[in-house]
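S.K.: This is the structure, below, for whatever I ask next.
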Amino acid sequence: MKKNSANFIPLTPVSFLHRTADVFGHRTALIYEDKTLTWGALRERCVKMADAFVGLGVAKGDTVAVLAFNTPEMYESHFSVPMAGAVLNTINTRLDAQTIAYILDDGNAKIFIVDAELGEVAEAALVKSTNKPRVILINDPHANSKSTINITAPDYESVLSKGNPGFEWIRPENEWSPLSLNYTSGTTGRPKGVVYHHRGSYLMSMGTVIGWQLPNHPRYLYSVPMFHCNGWGHAWTMAAVAGTIVCLRTFIPEVVFSKIEEHGVTHFGGAPIMLNMLANAPDGIKKSFKHTIHVMTAGAPPPVKVLESMMAMGFDVMHVYGLTETYGHILQAAPQTEWQSRSSDEQAQLRSRQGVRFPMTEDVSVIDQDSGNQVPFDGETIGEIVIRGNTCMMGYLNNPEATDAAFAGGWFHSGDLAVVHADGYIQIKDRSKDIIISGGENISSVEVENVLYKHPDVSEAAVVAMPDELWGEVPCAFVELRPESVITEDLLIQFCKDHMAKFKRPKKVVFGPLPKTATGKIQKHTLRAIISQESNN
Numbered sequence: 000m001k002k003n004s005a006n007f008i009p010l011t012p013v014s015f016l017h018r019t020a021d022v023f024g025h026r027t028a029l030i031y032e033d034k035t036l037t038w039g040a041l042r043e044r045c046v047k048m049a050d051a052f053v054g055l056g057v058a059k060g061d062t063v064a065v066l067a068f069n070t071p072e073m074y075e076s077h078f079s080v081p082m083a084g085a086v087l088n089t090i091n092t093r094l095d096a097q098t099i100a101y102i103l104d105d106g107n108a109k110i111f112i113v114d115a116e117l118g119e120v121a122e123a124a125l126v127k128s129t130n131k132p133r134v135i136l137i138n139d140p141h142a143n144s145k146s147t148i149n150i151t152a153p154d155y156e157s158v159l160s161k162g163n164p165g166f167e168w169i170r171p172e173n174e175w176s177p178l179s180l181n182y183t184s185g186t187t188g189r190p191k192g193v194v195y196h197h198r199g200s201y202l203m204s205m206g207t208v209i210g211w212q213l214p215n216h217p218r219y220l221y222s223v224p225m226f227h228c229n230g231w232g233h234a235w236t237m238a239a240v241a242g243t244i245v246c247l248r249t250f251i252p253e254v255v256f257s258k259i260e261e262h263g264v265t266h267f268g269g270a271p272i273m274l275n276m277l278a279n280a281p282d283g284i285k286k287s288f289k290h291t292i293h294v295m296t297a298g299a300p301p302p303v304k305v306l307e308s309m310m311a312m313g314f315d316v317m318h319v320y321g322l323t324e325t326y327g328h329i330l331q332a333a334p335q336t337e338w339q340s341r342s343s344d345e346q347a348q349l350r351s352r353q354g355v356r357f358p359m360t361e362d363v364s365v366i367d368q369d370s371g372n373q374v375p376f377d378g379e380t381i382g383e384i385v386i387r388g389n390t391c392m393m394g395y396l397n398n399p400e401a402t403d404a405a406f407a408g409g410w411f412h413s414g415d416l417a418v419v420h421a422d423g424y425i426q427i428k429d430r431s432k433d434i435i436i437s438g439g440e441n442i443s444s445v446e447v448e449n450v451l452y453k454h455p456d457v458s459e460a461a462v463v464a465m466p467d468e469l470w471g472e473v474p475c476a477f478v479e480l481r482p483e484s485v486i487t488e489d490l491l492i493q494f495c496k497d498h499m500a501k502f503k504r505p506k507k508v509v510f511g512p513l514p515k516t517a518t519g520k521i522q523k524h525t526l527r528a529i530i531s532q533e534s535n536n
């Protein structure tokens, strides 16, 4: 027996759009301020844009980079770019020009779609970039501010208008073909390009539907930035279930409550900081709702207090865990019926764990890093979380060494240290990669340290995570200064702010000698203990 076009078609999440447009073409697909699109109209726009990309010289395997907020253009790119046979690269809107330039070069972007509000940083990135992609501007009348830019480029709508609605979209010949490229901070501080394939994103969506128990036609507030693991894959998932997507350009509690009420939102996702902002919003802003609102949260272990507050407000929160390398979530704190008899505090504790694997995830284990054996289910023995499945990345772009290291022994190694409880639920205890997760954003401690070392007064530096009520974690720098230095904490923080993305700068600097091992290695565990002691006092 052989595969043929009747019994085997490469999986691609783009097919969700076509099925939904065929069956539910009249239903509302997308709402953004005063703009509304049906699924039929949305498909036509995506097909036309795909044809326009090809007309601009985009070929199979080329990269189309997008620096934009959660607007219709960003959502459409999740379909139009792969329809042109290209690879979608969504870029974090909070990055600095140097990092954006590196991404444009490493990904070899052919097209660069930029929201005009981000024009200033985009223009600076293009100056630094050796690659010179064609630029397309998104001129959003609902932008929060107008950026002064000197980029001469066509408008998104004018490019789209030149596309042919009858264009025959390019289906992947192999479901292992790259679909998207997402950059994530590594331990070296240099972004790594994580490559997703069509099969993985298709299965991610199917697993999300089952794991989150999504109904047909949910009303979804897109609050997760679409540059994060393609918005956790929900861009494609919502097409699969013919949902209505309410685009959210900026996460503001008052706006979120208003959108939920106005559009009858049933589902949304976000980092714990977003839940914290809602839970701590002024009473005059908070709203109560007659229907249940299902929330998926990820990015860092959510504080139990925040989960309790959200539950008290009537939000059903499910905590999930994943990495950019695993297309987003692969573990979920799947609620059990018997949990309902527990106190609200106990339920929050149970829901704050990373949990058990999603339906599309083949295997997740916690192993001893020395022996490779699975740790006992005792809630105490610490090991590393390792993953196998179709939603593990193809690899790191242009970085075979890092790819081989990540897949050593036939597992993807997360670098996250965890325990397994008696009920099989996994709970993270530490991060061996020294990544600081601040407001859902990954910050490499090494990257911050590298900037600190650029200052002439800094002799040695080490950066660790410091608890923060708003952001969950923020960088704290321990610095040993050169003799006769007169640099102050504020000046050193400002120096970091001038040389990297604002959100990555240390929020606190502690001056003094750094603790070291006999071989001269800085003892970060000692620094973490100092932070922990101060936090508990």
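Numbering-wise (numbering that gives the first Met the number 0), the sequence shown opens with residue 0 and increments by one.
Virtual Cβ for every residue (Gly too), placed ideally from N, Cα, C.
Since the structure is predicted, the reported quantities are computational estimates derived from the model, not experimental observations.
1) Between Ile150 and Glu172, is the Cβ-Cβ spacing less than 8 angstroms?
2) Considering only DSSP beta bridges, list what Met625 is partnered with.
3) In whole angstroms, give me the CA-to-CA distance for Lys304 and Ile135.
4) Look up Lys34 in the DSSP assignment and give the residues it is bridged to.
5) For Gly269, name the three-state secondary structure that DSSP assigns.
6) Under 8 angstroms by Cβ, that's how I've got Arg248 and Asn69 pegged, so tell me the actual separation to the nearest angstrom.
7) Tell me whether Tyr155 sits in a helix, a strand or coil according to DSSP, three-state version.
8) Among Cys495, Gly438, Gly24 and Glu472, which has the Cα closest to the Cα of Val478?
9) List the whole-angstrom C-beta distance separating Leu103 from Phe111, where the pair is believed to meet the contact cut-off of C-beta under 8 angstroms.
10) So what does DSSP say about Thr518, is it helix, strand or coil?
11) What are the residues that DSSP puts in a beta bridge with Asn181?
12) Could you name the residues of the same chain whose beta carbon sits closer than 6 angstroms to that of Gln346, not counting the 5 residues immediately before and after it, in chain order?
13) Could you tell me whether the Cβ atoms of Ala83 and Ala115 are closer together than 8 angstroms?
14) In whole angstroms, what is the alpha-carbon distance linking Leu526 and Gln532?
15) Assign Ala407 to one of three DSSP states: helix, strand, or coil.
16) How would you call Gly378, buried or exposed, if buried means at least 16 neighbouring beta carbons within 10 angstroms?
17) Report the residue ranges of all beta strand (DSSP E) runs contained in full by the region 98-147; include only those spanning at least 3 residues, in chain order.
18) Going straight from the alpha carbon of Thr186 to that of Ile435, what length do you get?
19) Could you check which residue in Val240, Asn91, Glu483 and Arg504 has the C-alpha nearest to that of Arg18?
20) Please state the DSSP three-state secondary structure of Ala0.
21) In chain order, which continuous runs of the beta strand (DSSP E) of length 3 or greater are located wholly inside the region 211-236?
22) Is Ala417 helix, strand or coil by DSSP?
23) Could you please give the first and the last residue of the uninterrupted beta strand (DSSP E) stretch that includes Val450?
24) Where Asn398 and Phe411 are concerned, what is the direct C-alpha to C-alpha distance, given to the nearest angstrom?
25) Rounded to the nearest angstrom, what separates Lys453 and Asp497 at their Cα positions?
26) Compute the Euclidean distance between the alpha carbons of Ala108 and Leu66, then round it to the nearest angstrom.
27) Count the other C-beta atoms from every protein chain shown that fall within 10 angstroms of the C-beta of Arg350, then say buried if there are 16 or more, exposed otherwise.
28) Quick one: what does DSSP say His454 is sitting in, helix, strand or coil?
29) In angstroms, rounded to a whole number, what distance separates the CA positions of Ser364 and Val385?
30) With a 10 Å radius around its C-beta and 16 neighbouring C-beta atoms as the bar for buried, classify Pro482 as buried or exposed.
31) For Lys258, collect the residues of the same chain with a Cβ closer than 7 angstroms to its Cβ; drop the 5 residues on either side in sequence, then sort them by chain order.
32) Would DSSP call Thr187 helix, strand or coil?
33) Applying the 10 Å Cβ sphere with the 16-neighbour rule, what's the burial state of Glu554?
34) Please report the residue range of the alpha helix (DSSP H) in which Leu491 lies.
35) Give me the residue from Val255, Asn389, Ala461 and Asn279 with the minimum Cα distance to Ile521.
36) For Asp315, which residues from the same chain have a beta carbon less than 6 angstroms from its beta carbon, with the 5 sequence-adjacent residues on both sides left out?
M.R.: Concretely, from the data shown:
1) no
2) Missing from the structure shown is residue 625; the chain here goes from 0 to 536 and no further.
3) Approximately 44 angstroms between the Cα atoms of the pair.
4) Beta-bridge pairing links Lys34 to Tyr31.
5) strand
6) 6 angstroms
7) helix
8) Cys495
9) Separation of the CB atoms of Leu103 and Phe111 is rounded to 7 angstroms, and the pair is thereby assigned contact status at 8 angstroms.
10) Its pLDDT being 46, under 50, Thr518 is placed unreliably by the model, and nothing is read from it.
11) Val193
12) Trp338
13) Contact flag unset, no.
14) 10 angstroms
15) helix
16) exposed
17) 108-114 and 133-137
18) For Thr186, the predicted model reports a pLDDT of 37, less than 50, meaning its position is unreliable; a value from the coordinates is still stated below. So the two alpha carbons sit approximately 10 angstroms from each other.
19) Comparing Cα-Cα distances from Arg18 to each of Val240, Asn91, Glu483 and Arg504, the minimum goes to Val240.
20) At residue 0 the sequence reads Met, which differs from the Ala that was named. DSSP places Met0 in coil when its eight states are reduced to three.
21) 218-221
22) It is a strand residue.
23) Not the beta strand (DSSP E): Val450 falls in the alpha helix (DSSP H), residues Ser444 to Leu451.
24) 15 angstroms
25) 12 angstroms
26) 12 angstroms
27) By the 16-neighbour rule on beta-carbons within 10 angstroms, Arg350 is buried.
28) coil
29) Approximately 5 angstroms, taken between the alpha carbons.
30) exposed
31) Leu220, Val245, Leu247 and Val264
32) Because the pLDDT of Thr187 is 43, which lies under 50, any placement of that residue in the model is unreliable, and the question is left without a value.
33) Only positions 0 to 536 of the chain appear in the structure, and residue 554 is not among them; the question remains open.
34) Note, Leu491: alpha helix (DSSP H), Glu488 to His498.
35) Ala461
36) These residues qualify, in order along the chain: Thr291 and His293.
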